[in-house]
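Written out below as structure tokens is the structure these notes cover.
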Amino acid sequence: MYKVLPENIKRGDTILEARGITKRFPDVVANDRIDFKIRLGEIHAVLGENGAGKTTLMKILFGQYQPDEGEIFIGGEEVRFKSPLDAIDLGIGMVHQHRKLIPAHSVIENIILGHPRAGKILDLKRAEQEVLEICEKYGFGLDLNAKVWQLSEGEKQLVEIIKALYRGAEVLILDEPSSALTPIETEKLLISIKAMSAGDLAIVPFITHKLPIVLQISDRVTVLRKGKVVSCIDTSEATEQSLAKEMVGREVIFRTQRATVEKGETILQVDDLSAFSDKDVMVLNGVSFSISEGEIFGVAGISGNGQRELVEVLAGLRKPERGSVSLDDVDITFADSLKRWQLGIGYVPADRIAMGSIADFSLVENVTMNYYFDHEYYRRGVLDTKKIREITNDIIAEYDVVTPSADIVAKCLSGGNLQKLILARVLSRKPRLVIVDLPTQGLDVGATEFVRNKLIDAKKEGAGILLISEDLDEVLSLSDWVAPIYEGEFMGILPGEDAKRELVGAMMAGIHLDEESA
Amino acid sequence: MRIGSHELNLERRVSLSGWQAAGISILAIIVALAIFSIIFILAEINPLTAYAEIFSYAFANPFGLPLTMNRFIFILLCTYAFIIPFTAGLWNIGMAGQLYAGSLAVYAVLLALGVKEFQSVELPATLVILMMLIAAMLGGAFIGGIAGFLKGKYNVNEIVVTMMLNFMTFWVVSFFIKEGGIFMNPGGRGESFELPPSLQPSLIFGVPFTIFIALGAALLLYFVLRKTKIGYEIRAYGENPTAAAYAGISNFSIPLLVFIMGGALAGLAGYHYFAAVPGVYKIARTYGYFGDLAFYGIICGLISRGNPLAAIPVAFLFGGLSIGARFVQGKLGMSFGVDFALLGVLMITLVAFQFFYRYKLIWENSRGEP
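Those sequence lines, one after another, are chains A and B. When the first sequence is numbered by our numbering, its final residue is 518 and no position is left out of the sequence of numbers. When the second sequence is numbered by our numbering, its final residue is 888 and no position is left out of the sequence of numbers.
Listed below in structure tokens is the structure:
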């Protein structure tokens with residue numbers, strides 16, 4: 001067994017080094033001779049687009065994958081990780097983008113879960129003492145006896161960070177640390193990260209988007225593109241534009257312009273719509289609005305304010321408690337989801353993996369999700385796979401989905417490519433109404449720009465679009481109407497040009513339009 | 519693990535082709551037979567002789583082979599009763615109950631036609647046999663449908679429901695065929711009345727015609743599950759019910775449908791053993807034994823990974839070994855239960871080898887190690 005960290009390593013010394021890491025998958029080289037060094041006490045961001053090989057590299061550093069070639073050194077000694085357990089033993093901690101906590105358990109129970117010292121009999125008192133010391137050292141404030149389901153996303157993430165530290169992490173890998181956080185929580189996270197690096201930990205955040213965060217916190221940044229390291233520089237020498245250019249390989253325009261389209265007939269009419277959440281709480285409370293042809297109606301708000309229920313009711317996946325919905329003057333309040341697809345509602349869900357796609361289905365079969373019910377695509381009950389394959393190939397070409405073929409399974413696609421596939425599949429049906437929930441969440445700058453432009457194209461072709469987003473800039477730059485949502489109610493509906501950042505921000509926090517203007 | 523200058527490592531497989539899966543299964547069978555030879559050695563029997571006897575009786579003997587075929591057809595139909603719900607991600611462990619109900623429905627048709635009373639029937643035999651087949655399917659589908667309905671409507675666990683229905687239908691059959699039940703054999707031996715000779719279907723090369731049903735089901739299922747709209751819906755629901763609901767696939771009708779289809783095939787297995795296999799032609803007193811045999815459908819379904827065509831050789835092997843091992847037990851004077859023990863070892867080994875579906879062993883040259 002290797003020993004944990006040689007004693008003589010000081011702040012600023014190289015703690016983790018990767019040399020010539022190469023990992024091949026069938027048809028693709030995910031990591032191509034990657035070298036990089038992490039120093040103790042630095043915040044070293046790894047930046048790259050979806051599909052640039054970040055996830056693979058991260059999994060190799062954490063022992064989930066074994067590299068085909070190359071070596072990893074910790075404190076100058078070569079190490080080989082057979083599994084994440086080896087990596088954890090050698091001081092590597094990982095905070096996943098998707099939380100791996102048990103909601104019904106308390107914070108402290110989650111932290112000690114799997115800890116070698118937890119043993120067979122729990123000594124919660126002692127563990128609590130030790131965890132409290134960690135919290136004090138870095139200034140984390142957290143109620144250790146709260147149940148995890150009661151926590152906000154930011155607090156859950158903190159639990160995962162503490163868990164890694166309690167297991168003795170010296171190098172902390174953070175996967176998309178700010179992706180699910182509100183702006184305020186992001187600020188708190190950045191403070192925590194700074195505190196940890198000041199305490200001689202090495203922090204390695206892997207980031208696809210939100211370049212400002214990289215500039216704000218990191219000391220150094222390594223940029224990956226197509227499986228290779230394209231640059232490794234001190235952050236002080238980088239700008240948002242230069243990083244984006246290195247990531248994407250071309251200049252990126254950061255602002256998408258709102259397109260003006262002549263307003264057409266009303267497509268969607270929603271009156272006094274209310275719905276319960278899964279926990280039987282009224283979380284959507286009497287919203288009314290309408291969307292016309294060529295309009296983007298943006299709902300801005302922090303997740304958990306009723307957006308999910310609104311979208312699910314409109315998609316036919318949740319029964320409304322009261323109110324009515326009509327599409328092209330046809331009442332669809334209680335229509336099932338199949339009926340809605342057939343009537344021309346296209347829905348791009350926020351959860352691409354759990355809802356929007358089927359991981360073990362090929363891309364063709366995933367595209368079939370939106371075509372199997374269309375009688376033009378089956379005859380006597382037999383699916384016309386050839387036709388659907390053509391559509392899939394068209395989608396791959398037009399949307400530049402990076403994949404070796406249309407027969408690869410969806411779980412092999414990176415997040416951005418999967419989102420492109422889902423969006424393209426939905427838009428390819430030329431829906432009357434498009435519902436897009438968090439369309440660019442987790443996407444890199446290039447893919448984000450692409451997705452937004454596609455939405456604008458759909459709008460120009462006369463579709464009505466309901467855009468749900470947490471990203472205020474996205475809502476403001478795209479929407480013809482902006483409806484800030486707070487605790488299940490619209491705080492007002494503003495025409496796009498009147499929606500000023502500060503005003504919308506205040507309304508998202510629960511200040512009603514009338515109060516604001518009074 | 520280190521051997522000499524080489525290191526044996528496990529690596530996660532990225533993909534697995536059907537042929538690789540088949541190769542792993544064949545390897546597993548060989549290993550299982552090797553392990554089981556210990557039993558023969560302990561009984562002071564040469565394992566090679568024993569296996570030669572088992573295989574030649576099961577697959578090459580004029581008396582053994584027809585028995586193997588009967589078992590094979592039965593197990594194959596039960597495998598499909600498992601595979602269809604399995605494709606939708608649901609576990610049917612109620613083939614036993616479904617085949618009891620199917621058999622009961624078959625004899626209910628005969629009872630209604632007055633066969634029990636007169637030992638003959640006025641309608642053409644072909645028509646009556648067709649009615650019996652339909653009744654078998656309806657009976658099985660009804661019991662299966664209960665589980666499917668409860669799953670789809672109220673999300674009640676299908677494993678529990680199908681399991682409980684096994685017990686219930688077992689006793690329902692008892693009620694009807696034993697101690698004064700309306701299906702009771704006039705001879706009163708705790709079995710149902712017998713099928714009149716005119717309704718005993720003729721054999722084709724010594725094999726019941728139900729083999730065409732079983733093999734037809736293989737092709738039909740292979741096609742339906744892979745190529746059709748409904749097959750797509752079943753597979754999508756099986757892979758990811760949330761995504762299926764998003765795409766407009768009903769979370770109610772798919773569970774109901776797969777259990778109706780599965781139940782119908784299990785019902786046919788009941789028809790096969792109690793109305794088409796020579797020498798039986800009644801609901802036998804030992805019908806519970808066939809209920810137990812139906813559980814091999816689960817293991818065959820798992821080994822063939824839900825592939826209806828791959829299930830054919832697997833079911834054939836299991837059918838043959840159960841017959842051959844029982845024969846060897848008698849011939850070589852071994853103690854009771856050799857056939858079950860052999861099938862048990864085979865099952866465990868096959869399931870254990872599925873580990874290699876996800877991992878592969880690789881030899882590596884380790885560098886510069888002392």
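Note that CB positions come from ideal geometry on N, CA and C, so glycine has one too.
- Taking the beta carbon of Thr-746(B) as reference, the chain A residues within 7 Å of it are Gly-381, Val-382 and Leu-383, listed in sequence order.
- Between the beta-carbon of Tyr-877(B) and that of Glu-529(B) there is about 7 Å, and that keeps the pair under the 8 Å contact cut.
- Using a Cβ-Cβ cut-off of 9 Å, Trp-341(A) is close to Ala-765 and Gly-766 of chain B, given in chain order.
- Distance from the CA atom of Ala-244(A) to the CA atom of Lys-210(A), rounded to whole angstroms, is 10 Å.
- Not one beta carbon of chain B lies nearer than 8 Å to the beta carbon of Met-282(A).
- Identification of chain B residues near Gly-356(A) by a Cβ-Cβ cut-off of 9 Å yields Ala-761 and Tyr-764, ordered along the chain.
- Taking the Cα of Phe-558(B) as reference, the smallest distance to any Cα among Arg-823(B), Ser-853(B) and Gln-872(B) is reached at Ser-853(B).
- Taking a Cβ-Cβ cut-off of 7 Å, Ser-277(A) has no neighbours in chain B, whose nearest Cβ is about 16 Å from it.
- The alpha-carbon separation between Ile-841(B) and Asp-86(A) amounts to approximately 49 Å.
- Closest by C-alpha distance to Asp-280(A), out of Ile-468(A), Glu-309(A) and Ser-288(A), is Glu-309(A).
- Burial check for Ile-553(B): the Cβ neighbour count within 10 Å stays below 16, so the residue is exposed.
- Here the alpha carbon of Arg-425(A) sits roughly 8 Å from the alpha carbon of Thr-392(A).
- The bridge partners DSSP lists for Thr-266(A) are Ser-292(A).
- Shown here, Leu-142(A) sits in coil according to DSSP, grouped into three states, outside any helix or strand.
- In the DSSP assignment, Asn-579(B) falls outside any beta strand (DSSP E) and carries neither an H nor an E.
- Inter-segment contact for the stretch 785–801 of chain B and the stretch 666–673 of chain B is absent: fewer than three beta-carbon pairs are separated by less than 8 Å.
- Secondary structure remark: continuous alpha helix (DSSP H) runs of at least 4 residues inside the stretch 99–136 of chain A, in chain order: 107–112.
- Contact annotation for Tyr-378(A) against chain B: Thr-746 and Lys-747 [CB-CB distance below 8 Å, chain order].
- Pairing Gln-307(A) with Gly-301(A) gives a Cβ-Cβ distance under 8 Å.
- In the three-state scheme derived from DSSP, where H, G and I count as helix and E and B as strand, Asn-453(A) is classed as helix.
- Counting only residues of its own chain and dropping the five nearest sequence neighbours on each side, Met-94(A) has a CB closer than 6 Å to the CB of Phe-62 and Ile-173.
- Counting along the chain, no beta strand (DSSP E) covers Leu-739(B); the unbroken alpha helix (DSSP H) around it starts and ends at 728–745.
- Neighbours of Asp-360(A) across chain B, judged by C-beta separation under 8 Å: Glu-757.
- Rounded to the nearest whole angstrom, the CA to CA distance from Met-686(B) to Arg-340(A) is 42 Å.
- Rounded to the nearest angstrom, the gap between the Cα atoms of Ile-213(A) and Gly-344(A) is 39 Å.
- C-alpha of Glu-240(A) to C-alpha of His-96(A): approximately 25 Å in a straight line.
- Of all residues in the stretch 64–87 of chain A, only Gln-66 place a beta-carbon less than 7 Å from a beta-carbon of chain B.
- For Asn-527(B), the enclosing beta strand (DSSP E) has its first and last residue at 524–530.
- Note on Ala-762(B): 16 or more other CB atoms within 10 angstroms of its CB, so buried under the neighbour-count rule.
- Of all alpha-carbon atoms in Gly-488(A), Arg-501(A) and Gly-51(A), the one lying nearest the alpha-carbon of Met-282(A) is that of Gly-488(A).
- The Cβ atoms of Asn-703(B) and Gly-809(B) lie no closer than 8 Å to each other.
- Listed in chain order, the non-local C-beta contacts of Asn-110(A) below 7 Å within the same chain comprise Leu-101, Ile-102, Val-148, Val-159 and Lys-163, local neighbours out to five positions each way being set aside.
- Within its own chain, the residues whose Cβ lies closer than 8 Å to the Cβ of Glu-757(B), once the five positions on either side in sequence are excluded, are Gly-607, listed in chain order.
- Judged by DSSP secondary structure, Trp-537(B) falls outside any beta strand (DSSP E) and instead within the alpha helix (DSSP H) spanning 536–560.
- In terms of beta-carbon proximity, Thr-440(A) stays away from the interface with chain B, with every pair separated by 8 Å or more.
- Among the residues of chain B, none has a CB under 8 Å from the CB of Asn-31(A); the nearest is roughly 14 Å distant.
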